[in-house]
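Enquirer: Each step along the sequence shown adds one to the number in UniProt numbering, with nothing skipped, and position 258 is 258.
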Amino acid sequence: MRSSILRFASFNFTSRQAGIFYTLLSGLLFGLLGYFGMSLINAQLSVYNTQFWRFLLSAICLSLMLLPSLNKTCIAKIELFKLFLCGSFFYSSCAIFYFQASKHIGSGLAMIIFYTYPVMVMITNKMVFRISISKLYYPVLLMIGCGLILLTHGSINGNLDLSGILFSLIAAFLYALYIICGKKSPVPALPASLMLCLGCLPTCFFAAWLEQSFSVPNGFHNWINLLGLSILCTALPIMCLLKGLQYLNTVQASILSVLEPIFVLLFGMLLLGEQINLIQMAGVIVLLGGAFLSLLF
């Protein structure tokens, strides 16, 4: 399964097309988060406890995928440790801050603020790494912002709680750092994904312990949903995004990954029976237009 996923795009497409394929596939798989996540939350599993088991099962899955090539893999331990820290401080903390932001200002506004992370990727590249950014990306980012506002129509509660806004901005910044770290790392996508998931475990466990919500899930359906969340919505999309970053720059990859809310909306309609209005449909079109423009640069 690993070889078919990781080699399919490279075999059939150019490097750029492969990067686009992997990044879009990552967003598509991440789009199932809402379905599996809501199923587990409705089963009374806490968010932090779910996150712990999500990353633990993901790490087990990735370890099994890595076993056949383990003897052939030679990676500097310091690079693996960097990815572990990236998971601990950036990826898992990003999820925690985003969840806290959603509780304060609602999921709609939290999502709009969070998906400003392509801007933060651009700013970090410019200020830290002195990478020049084409001004042609500015209208793309404007289109993405307008598209997100339209897409979240009806889900913004008007509560401009400053702490919630701050939590969303922190989550966006942490996710931007995660993307940049993924791009800078020389570690192949599969072991890199494993180290990221392992790094998320202590942070999520600590959060669940503080909340006093840590427990072992019970029930067959809960474990099926956890497996879906862990494999389809975590292990594979993380691996695909890291693979895509091998072919695209951080700005292009981050802009393409902003299409994830469209996939969330699509799966919500298909699997959860959610409705979409004309304004949200307009948001989908504007987002797709912005992503398409970004590929022209």
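Where is the CB? At the ideal position from N, CA and C, for every residue including glycine.
These numbers come from a predicted model, not from an experiment.
1. Rounded to the nearest angstrom, what separates L265 and V187 at their Cα positions?
2. Since Y117 is in the alpha helix (DSSP H), which residue starts that stretch and which ends it?
3. Note down, one range per segment and in chain order, each alpha helix (DSSP H) of at least 4 residues found wholly within the UniProt domain "EamA" (18–151).
4. For a minimum of 4 consecutive residues, which ranges assigned as the alpha helix (DSSP H) are wholly contained in the segment 221–280?
5. Between the alpha carbons of L194 and F292, how many angstroms are there, rounded?
6. Helix, strand or coil: how does DSSP classify P191 here?
7. Indicate whether the contact test is met: 3 or more Cβ pairs, each with one atom in the segment 222–240 and one in the segment 107–115, closer than 8 Å.
8. Taking 8 Å as the cut-off, decide whether the C-beta atoms of I179 and A95 are in contact.
9. According to DSSP, simplified to helix, strand and coil, what is G219?
10. Does DSSP put S294 in a helix, a strand or coil?
11. Determine contact between the segment 202–209 and the segment 46–55, defined as no fewer than three beta-carbon pairs at a distance below 8 Å.
12. Could you check if L162 is buried or exposed, using at least 16 other CB atoms within 10 Å of its CB as the buried criterion?
13. Tell me where the alpha helix (DSSP H) around S163 begins and ends.
14. Taking the alpha carbon of L78 as the reference point, which residue from A192, F267, V121 has its own alpha carbon closest?
15. What residues in its chain sit with their C-beta under 7 Å from that of S10, if we drop five residues either side in the sequence?
16. Using beta-carbon positions only, say whether V258 and A176 come within less than 8 Å of one another.
17. Helix or strand or just coil, what does DSSP make of S213?
18. From G27 to F21, what distance separates their C-alpha atoms?
19. Using the three-state DSSP reduction, which class does T203 fall into: helix, strand or coil?
20. To the nearest angstrom, report how far apart L248 and M239 are at their CA atoms.
21. Excluding five sequence neighbours on each side, which residues of the same chain lie with their C-beta closer than 6 Å to the C-beta of S102?
22. Using the C-alpha atoms, what's the distance from S46 back to residue 329?
23. Between T116, A282, Q246, which has its C-alpha nearest A171's C-alpha?
24. Looking at C-alpha atoms only, which residue of L25, Y35, Q44 is the closest neighbour of N218?
25. Using a threshold of 8 Å, state whether the C-beta atoms of L272 and M38 are closer than that.
26. Distance, Cα to Cα, I149 vs M281?
Expert: On the basis of the data shown:
1. 33 Å
2. 117–127
3. 33–42, 47–66, 77–86, 92–105, 107–114, 117–127, 137–151
4. 236–245, 250–257, 260–272
5. 31 Å
6. helix
7. no
8. no
9. coil
10. Three-state DSSP puts S294 in a helix.
11. yes
12. Exposed.
13. 162–184
14. Just to set this straight, residue 78 is Ile in the shown sequence, not Leu. Out of A192, F267, V121, A192 has the C-alpha closest to the C-alpha of I78.
15. Low confidence applies to S10: its pLDDT is 47, below 50, so where it sits in the model is not reliable, and the reading given next is rough at best. Excluding residues within five positions, the ones whose Cβ falls inside 7 Å are A18.
16. no
17. coil
18. 10 Å
19. helix
20. 14 Å
21. A110
22. Because the chain in this structure spans residues 1 to 297, residue 329 falls outside the shown range and cannot be described.
23. Comparing Cα-Cα distances from A171 to each of T116, A282, Q246, the minimum goes to T116.
24. Q44
25. yes
26. 12 Å
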